[in-house]
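In this note's numbering, the protein residues as written are 1124 to 2257. Virtual Cβ for every residue (Gly too), placed ideally from N, Cα, C. First up is the structure itself, then whatever we jot down about it.
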């Protein structure tokens, strides 16, 4: 303090404590200081009739005060009698609890001065949560004492002192990068600006603190005039002309306020100054002081970043602005599609729109690299509860310090329990579920936007979280204003629930768009010229237009094309402008450009390796490590001895990027597509190499590398360092490890190898169950093709087990069924049939050592007979194996195996539908199967209901109940989504969607429902890598025919005609399309006719027919279809 020494200060505290409590018992300075504050509060607020009351003891042992004014608003005074500067962590619990208690006015009384950094945090808290905050510190408290307790001070000081106090408004300007989210691992305070980058958003901040004891003041904030200002876009909602008043604020005595203005750099210059804030303080209408922020010229990073080009993208942003921001309190925008189509860029542009509209934005772009769905929940919660960047950092370790002044409210107790749950390293969604209403309730009180990029990179729990959020917000629309923006890369989806989410998002009238890239070569060329900073003339080349007409129009492909031209020295840069010195070399390079991203990147990457031959091995090691760790900061590079020259070279050539800043660099692959190309095409053994590299560092796993949970887990599995019991625990609780999607296959391959290695340590039934779970998980979350590798690896170890033990036989039988069904999905029914037959023979020779085993053995044999028949049908030899079907049915009837009888009836019905031989008999078999389903116990019915739905929809299609078929398909899709016990989720979902499409096409429904169903079907097929299959193209052609889209129909027909194997079982599709081709083009001769098909199909004969011949043939053709439209003008064969 200025006039009062420490010794006197102690006497003063004792004086007020005695005056308050009648004794001098208290020797805790915090408690004594609280007594002083009680008197000061009366002095300050009695005139406003605001009476403060002490709370219960707070976390530091002192007491605070609360009051309610005549507007029923809550005031809270916090007391800090610290001789040293108050640490931020001391205020974290206070600010959190102020938010929990809905405090509108917060007062800080502090013996020591609050430092500038702390005041910035307090100002940010007040700004983001719209609270009034007042600070009474050090000399302010001293002045209050001299003003109101002169005689008491004279007694203590021993003399009359004339105290002279200076009054002013303290102004603190500071600029920062617009913070997105908290980075717990490398957070270092404010987002200091070292340089500028095009596309980045910057905050221009000014903290104003009114140090006048009793007088309010007015502050006008303006922007200093500068030509540099025109390089920036002003994003603040209350923006005005750049040299006019931006904002006027009123400050009450001792109030602290933060004003924030956001600007985005939109154009490059070598050095630039951020727009400069100016303030003018007026007291009682008289100008008192002026101030300006420092003017700093920052170097500008030339990152070749630019705005999206193309009307398609611009229209999407405009639609988003109109539909998501202007029209609805709860809205959403989801973009989906393959990699490199511009989804992330769209989200970034929407971010700017949201900033202009004063949203509190939680931007998770790039967050998925090393974070889990739990981290997303934590970030959203911290923001909703006023825990800004540094406060959250402290709170992660200080949660137990939080004490609420009054815990009478159960909700507050739940909130404290909720924070403690978040502070746990691991928790399940079920634990979180009870607290969701707390998060959503806080979000609904503000104006928030949540941006989730690459949603498929997180575990599926993130879907559950956002579905719950959407449901809550839609039920509380009057109180909420939330925007949810999401992107999903469908080419990287490993679980079909993400595709379900796309459909559900669309069905609740949220904006949902598939993004494919630029719409024409002109847009792509304009984008390429912008990236390369070229003038118009160099790339107005016919060769480039021709190349782009036959290649990808995805933005990422165009960016890689630009990189390729730079790496190949066709383009050089002078003063950040692209220059072409050798146009002939450029044209020659363009002619040899691969037409897909993967080969283009591979070509560019090998050119990079040729430039750095001496580092080739080191680059391989670094790429391996980055693939394993996803991101690598400076400390990890040091620990693993990575040469910085390699890192800098790969950044320079666009392979990796720095996601941090100059002080805290953190490297990641520039894009998912790059990592995918490197890990599949160029270095297929990246993970294996990373495991080998880490062998020299495994002694650090328990020290400085201990937080790298997934890499350590993979390493230990790859080196078989776990016991059998540990492996079982890992397999059971693997969801808690949040294994990235890219490692699901590797993780389960390692796990399977470990189980095989530890087979002798385990009970055989447990061993079979665990290896089966590994294989099935990969099948259900990646693909049948990936699962085949694991199934084949495990097969001999399971099949070679010969035992009569019931538990072993059960698990072995289950494995065999899943193994062979996976083969069937991959068109390898001949192999499946042989294995089924071998296992059937083994069961026949099985010695029955349990009385109840006879029934189970008969069940297994009946089921195997059915599957042998199905394999025969898939091989095109149904009649050859019909005896197996008969045997299965007889056994099922005799033993009342209703589930097997259901399968038998359905499979038998297919025999009569294939060639439309006896529809009536086929329908009767379906009905028999339906009756068998009704006799199943509930737990068994749940398992077979997916097949029941499939045949019920088929029955409704055959009997022309098309509306019912659509309704049942929707019901089936909903059922499969909500049941985890079902196998082959994707297979049945594709089946239901296909049947739904058939029904919609046959009733001529050309509405949005048909379009969205086609999109869902396509995205599901993309998971199984069959989105270019004959089935898919056939349905697209039927759609084009229905809409009379002649050009599209002709293009698809030509594609099928030239590519289909005429021995294919799908040749009847081509026959129908040939028929429709002649109906659309009766006089046209198809130019691609190939005589190779004459002996195998009717296709060419149809293409040569006259219009009258086609008309007669069409009537006969439709009459033989299994599924026929009501007007008998269209139909489908089975």
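Same chain, Cβ closer than 6 Å to residue 1593, five either side skipped, listed in chain order: none
Start and end residues, beta strand (DSSP E) containing residue 1984: No beta strand (DSSP E) holds residue 1984; the alpha helix (DSSP H) holding it covers 1976 to 1997.
Could you pull out every residue in the same chain whose Cβ sits closer than 6 Å to the Cβ of residue 1286, ignoring the five residues on either side in sequence? 1126 and 1269
So for residue 2162, helix, strand or coil by DSSP? helix
So, with DSSP's three-state summary, where would you put residue 2061? helix
Run through the DSSP bridge pairs and tell me what residue 1191 is partnered with. 1197
In chain order, each alpha helix (DSSP H) run of at least 4 residues that lies wholly inside the stretch 1912 to 1951: 1929 to 1948
According to DSSP, residue 1414 sits in a beta bridge with which residue or residues? 1402
Residue range of the unbroken alpha helix (DSSP H) whose run includes residue 1596: 1584 to 1598
Name the two residues that bound the continuous alpha helix (DSSP H) containing residue 1630. 1620 to 1630
Environment of residue 2013 [buried if 16+ CB atoms lie within 10 Å]: exposed
Touching or not, the stretch 2017 to 2028 and the stretch 2046 to 2054, by the rule of three or more beta carbon pairs under 8 Å? yes
Three-state secondary structure (DSSP) at residue 1229? strand
The ligand FAD and residue 1478: does the residue's C-beta get closer than 7 Å to at least one heavy atom of that ligand? The ligand content of the structure shown is nil, which means the ligand FAD is not present either.
Distance between residue 1498 and residue 1552 (C-alpha atoms, nearest Å): 12 Å
Would DSSP call residue 1336 helix, strand or coil? coil
Rounded separation between residue 1772 and residue 1847 - CA only: 44 Å
For residue 1822, which three-state DSSP category applies? helix
In terms of residue numbering, what span does the alpha helix (DSSP H) encompassing residue 1646 cover? 1644 to 1654
Proximal residues to residue 2202 (C-beta, below 6 Å), its chain only, five neighbours per side dropped: none
Below 8 Å on the Cβ atoms is my contact criterion, and I expect residue 1340 with residue 1374 to pass it. Report the Cβ-Cβ distance as a whole number of Å. 5 Å
Distance CB(residue 1369)-CB(residue 1355) smaller than 8 Å: no
Mind checking whether residue 1747 and residue 1809 have CB atoms under 8 Å apart? yes
DSSP puts residue 1422 in a beta bridge; with which residues? 1394
Are residue 1751 and residue 1462 closer than 8 Å when you measure CB to CB? no
When we look at the beta-carbon of residue 2129 and count the other beta-carbons within 10 Å, is it buried (16 or more) or exposed? exposed
Compare the C-alpha of residue 1740 against each of 1766, 1873 and 1288 and name the closest. 1766
Could you give the residue range of the alpha helix (DSSP H) that holds residue 1734? 1720 to 1734
Cβ separation of residue 1785 and residue 1318, assumed to be a contact under 8 Å, to the nearest whole Å: 7 Å
Below 8 Å CB to CB, which residues in the same chain sit around residue 2042 once its five sequence neighbours on both sides are set aside? 2035, 2036, 2081 and 2245
Exposed or buried, what is residue 2205 when buried is set at 16 or more other beta-carbons lying within 10 Å of its beta-carbon? exposed
Closest Cα partner of residue 1954 within the set 1923, 1994 and 1929: 1994
Under 8 Å Cβ to Cβ from residue 1597, same chain only, skipping five residues before and after it: list those, please. 1453 and 1631
Would the beta-carbon of residue 1188 fall within 8 Å of that of residue 1160? yes
Between which two residues does the beta strand (DSSP E) holding residue 1637 run? 1634 to 1637
When we look at the beta-carbon of residue 1467 and count the other beta-carbons within 10 Å, is it buried (16 or more) or exposed? buried
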